[in-house]
Amino acid sequence: MNDFPMMTSGALRAALLCTLMAGGLAATTTGARAQDVGHRLGSNNHVIEEPLQELVKRRRPKGQIYVSIPQALVILANDGMNRRSVCSPQIQVNNSSNQTMEELVAGIRYRKQGNDKSAGSTIARFYVLKVGKQDLTHLSNAIDVGSCDNLTGELEVIECTYSNGADCSADVRALAYGAIPLKIIDKK
669 MNDFPMMTSG ALRAALLCTL MAGGLAATTT GARAQDVGHR LGSNNHVIEE PLQELVKRRR
729 PKGQIYVSIP QALVILANDG MNRRSVCSPQ IQVNNSSNQT MEELVAGIRY RKQGNDKSAG
789 STIARFYVLK VGKQDLTHLS NAIDVGSCDN LTGELEVIEC TYSNGADCSA DVRALAYGAI
849 PLKIIDKK
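Just remember that our numbering sits 668 ahead of the position in the sequence shown, which is counted from 1.
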């Protein structure tokens, strides 16, 4: 009931070989090209002939590391017989650079708007912040003021290091958005 004649394995191999040779001959006569020559990034474009390790080591433009205070909480502190309110800013760091940040140490001086009176200061330290990640301090920076209203912050970068040992101080930006607006001050 088979409409195809019986072929031996030798005859099958010979037929397959003839088909492949005919296809190859047709490809050479019709102007067939190698795949990369016809590709938009083919042989007409410049391809860097360097080891991948050397390309990865090259300095790439870095993005920014953003510091902000998105939220500040008023906490009732119990100091023996006295109860008083304190403000606890939550400092957030976002790594938008293209390098893992190994360490950031920053000092923040808080001031009351209007009278420019000092309201306190704090030092915050952040470790190993990967690309695209963020970190947030929780209830660790209490300022002895009755309210978090009308506070501003001046951010000083004490130390900032990428995982490759490079300095990232120039890449840190303070954001003037959130519960307490920040601005960068230069080291003196």
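Backbone N, C-alpha and C fix where the C-beta goes; we use that ideal spot for every residue, glycine too.
To the nearest angstrom, how far is the alpha carbon of residue i from that of residue j?
i	j	result
Thr820	Ile852	11 Å
Gly706	Tyr795	The predicted model places Gly706 with a pLDDT of 48, which falls under 50 and marks its position as unreliable, so this point remains unresolved.
Met769	Asp784	33 Å
Ala700	Arg681	Any reading at Ala700 must be qualified, since the residue scores a pLDDT of 48, below 50, and its modelled position is unreliable; the value itself is stated next. Near 25 Å, if we compare the C-alpha coordinates of Arg681 and Ala700.
Ala792	Gly775	6 Å
Asn832	Gln758	28 Å
Lys801	Asn762	6 Å
Asn809	Leu741	10 Å
Gly788	Glu717	57 Å
Leu843	Arg777	15 Å
Asn750	Leu772	36 Å
Asp704	Val799	Caution is warranted here: a pLDDT of 49 is assigned to Asp704, below 50, making its placement in the model unreliable, and the coordinate value is therefore given only provisionally. If you take the alpha carbons of Asp704 and Val799, they lie about 34 Å apart.
Asp747	Val754	11 Å
Output the boundary residues of the beta strand (DSSP E) element that contains residue i.
i	result
Ile759	750-763
Pro738	733-747
Thr790	786-797
Asp817	First-last for Asp817: undefined, no H or E at that position.
Lys801	Neither: Lys801 is in no beta strand (DSSP E) and is coded neither H nor E.
Ala844	840-846
Report back the beta-carbon spacing between residue i and residue j to the nearest angstrom; my notes put them in contact at under 8 Å.
i	j	result
Gln760	Ser786	Not really, about 23 Å apart at Cβ, beyond 8 Å.
Lys730	Asp803	18 Å between Cβ atoms; not a contact.
Gln781	Tyr830	The pair is not a contact, with the Cβ atoms about 35 Å apart (cut-off 8 Å).
Relative to the alpha-carbon of residue i, which residue among the options has its alpha-carbon at the smallest distance?
i	options	result
Cys828	Ile733, Ala844, Pro849	Ile733
Arg639	Leu823, Ile811, Lys801, Tyr778	Outside the shown range of the chain, which is 669 to 856, sits residue 639, and nothing can be said about it.
Ala638	Ser756, Asn746, Gly731, Gly782	The first residue shown for the chain is 669 and the last is 856, placing residue 638 beyond what the model contains.
His806	Gly731, Gln739, Glu722	Gln739
Ile743	Leu843, Ala844, Val813, Asp835	Val813
Glu824	Arg779, Tyr845, Asp854	Asp854
Arg779	Leu720, Ser815, Ser765	Ser815
Ser878	Ile826, Cys836, Thr790, Pro849	Outside the displayed span of the chain (669 to 856) sits residue 878, for which this structure offers no information.
Glu822	Ala745, Pro849, Gly748, Asn746	Pro849
Counting only beta-carbon separations shorter than 8 Å, does residue i have a partner in chain D?
i	result
Cys816	Within the model displayed, chain D is absent; a lone protein chain is all it includes.
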